[in-house]
Amino acid sequence: MPIQDAVSPVQKVTTNELAKEFADNFAIVGWDDPGAEADDKIAVTLQLTNPLDDDLAVKERIRLTCTTGATMNLVSAGAGTVLSGADSDDMIIETDETTGSFDLEVTYAGAGTVTVVGGATQGSGFVHCGESVDLTFA
Amino acid sequence: MLIKLRNISSTTIDVPGHGMVLKPGAAMWADALTADLQAAIEGGFMEIIDQVGDPSSGELPDGSVTAAKLAVGLLDRYVVVDWSDPEAVNPTTQRVSIQLKNLIGGDIADAHTLRVTCDDRASITVGESGTVLSGDGSSDLIARTDPEGKLDLVVSCDQAITVSIAAGPTQLSPLLDCRDCCDISFEQ
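Those protein sequence lines, which keep their order, are chains R and Y.
Counting along the first sequence from 1, when you hit position 138 you're at 138 in the working numbering, and nothing is skipped either side.
Counting along the second sequence from 1, when you hit position 133 you're at 271 in the working numbering, and nothing is skipped either side.
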């Protein structure tokens, strides 16, 4: 058996085999557990990770939209920057370069579930936004 | 453990214990790092350039899958937007170009569609390279690079401001990394 045959099974690349420098080209949007509701507001942190599940400390531009009737903004003194659409249901944000996170605050006067989704926009890198977050307001 | 070795000497060497010769720059796989191979490495004749685990051990390879190891066909699926330095045409007009790159900085010679937006106090048209699909002369256009992956933009602004320009994905776009943006200063 030639050596090429012997090595072929391990040449099937899996995510865990990606070098960090390569994996860091790809950002995945994830959400921490939401905080408790207070004054019609719930805070939740968006955290970028790479495909290896390591936190990804980069500045990434993401469009956030949420259920109509709710509004979004940056938590006071929180990590990240709002580029446009503060206090609306359609916002473009930048994650904090040193943490890869954005501290989001959602305001909703009613009762029910508010869903927040992310997406690629102008100035985005390779970003995967397949995970949304549901916030339950009482 | 399989290891890949390369002859880094300037002469053809007789690989110890393997009954074969290796020309300068040529590489070979060995199933173990024997004492003879170790001596050849320490003698400066060979170097280890890769290694993989025994397939039957369940052990992972060395975890060094990098962009540089991707085949060109796969590498060019990840398109990075790269901006040239702006060039003044006159006080109210500047030229800047986008060149599509892959993850290791090589040019991607392909026509791809992207959206380009800027401060609404400025406007953008497409120059010699590339094709505008919509929004020509506005602050929000959709354009296609030329077959060499280049898009020339002409930016006009009659105010003394810095105009930020961002590219982004839109319908028909490939996987696009548009994190780099472009700032153009207009001084009237």
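Beta carbons: idealized from backbone N, C-alpha and C, even for Gly.
Predicted, not measured: the structure shown is a model, and the values here were computed from it.
Would a check of beta-carbon distances place Thr121(R) closer than 8 Å to chain Y?
yes
Let's test the definition: count the other Cβ atoms within 10 Å of the Cβ of Gly69(R) and tell me whether it reaches 16, buried, or not, exposed.
exposed
Since Val203(Y) and Leu18(R) should fall inside the 8 Å C-beta cutoff, what is the C-beta to C-beta distance between them, to a whole number of angstroms?
5 Å
Contact list for the stretch 299 to 313 of chain Y against chain R, Cβ threshold 8 Å
Here the close residues are Ala304, Ala305, Gly306, Pro307, Leu313.
N- and C-terminal bounds of the alpha helix (DSSP H) containing Ala177(Y)
173 to 180 is the extent of the alpha helix (DSSP H) around Ala177(Y).
With a threshold of 8 Å between beta-carbons, can Leu279(Y) be considered close to chain R, or not?
no
C-beta atoms of Ser267(Y) and Asp290(Y) nearer than 8 Å:
In this structure, Asp290(Y) lies closer than 8 Å to Ser267(Y) by Cβ.
For Thr255(Y), return the contacting residues in chain R, with the cut-off set at a CB-CB distance below 7 Å.
At a beta-carbon threshold of 7 Å, the residues of chain R lying near Thr255(Y) are Gln122, ordered along the chain.
Kindly list the residues whose CB is nearer than 6 Å to the CB of Gly196(Y), restricted to its own chain and excluding five residues on each side of it in sequence; keep chain order.
Residue placement at Gly196(Y) is poorly supported in this model, since its pLDDT is 47, which falls under 50; the coordinates are not used for a value here.
Do Ala281(Y) and Val292(Y) come within 8 Å of each other at the CB atom, strictly closer than that value?
no
Please go through the same chain and pick out, in chain order, the residues whose beta-carbon is closer than 7 Å to the beta-carbon of Ile114(R), but skip the five residues on each side of it.
The question names Ile, but residue 114(R) is Val in the sequence shown. Correct list, in chain order: Cys66, Thr67, Ala70, Val106, Tyr108, Leu135, Phe137.
Residues that DSSP places opposite Lys41(R) in a beta bridge
Ala38(R), Thr107(R)
Which first and last residues belong to the beta strand (DSSP E) in which Lys20(R) is found?
Segment 20 to 23 is the alpha helix (DSSP H) holding Lys20(R); no beta strand (DSSP E) there.
Provide the residue(s) that pair with Ile186(Y) in DSSP beta bridges, ordered along the chain.
Looking at the DSSP assignment, Ile186(Y) forms a beta bridge with Leu143(Y).
So Val210(Y) is in the alpha helix (DSSP H); what residue range does that whole segment cover?
Going by DSSP, Val210(Y) is part of the alpha helix (DSSP H) stretching over 210 to 213.
Based on DSSP bridge pairs, tell me the residues matched to Gly100(R).
Answer by DSSP bridge pairing: none, since Gly100(R) is not bridged.
By how many angstroms is the C-alpha of Arg61(R) removed from the C-alpha of Gln309(Y)?
Near 18 Å, if we compare the C-alpha coordinates of Arg61(R) and Gln309(Y).
Residue environment, Asn73(R), which counts as buried when at least 16 other CB atoms sit within 10 Å
buried
Suppose the cutoff is 6 Å on Cβ atoms and the five residues either side in sequence are ignored; what does the same chain contact list for Asp220(Y) look like?
Gln237, Lys239
Given a threshold of 16 other Cβ atoms within 10 Å of its Cβ, counted over all protein chains shown, does Gln232(Y) qualify as buried or as exposed?
It counts as buried.
Taking the alpha carbon of Thr98(R) as the reference point, which residue from Gln47(R), Gly35(R), Ala23(R) has its own alpha carbon closest?
Gln47(R)
Whole-angstrom distance between Ala206(Y) and Leu212(Y), CA atom to CA atom
11 Å
Figure out for me which residue from Gly125(R), Gly110(R), Ala111(R), Gly112(R) has the closest Cα to the Cα of Glu148(R).
Any answer about residue 148(R) is impossible in this case: the structure gives chain R only from 1 up to 138.
Name the one or two DSSP bridge partners that Cys320(Y) has.
Ile303(Y)
Any beta strand (DSSP E) of 3 or more consecutive residues that is wholly inside the stretch 51 to 96 of chain R
61 to 66, 71 to 74, 81 to 84, 90 to 94
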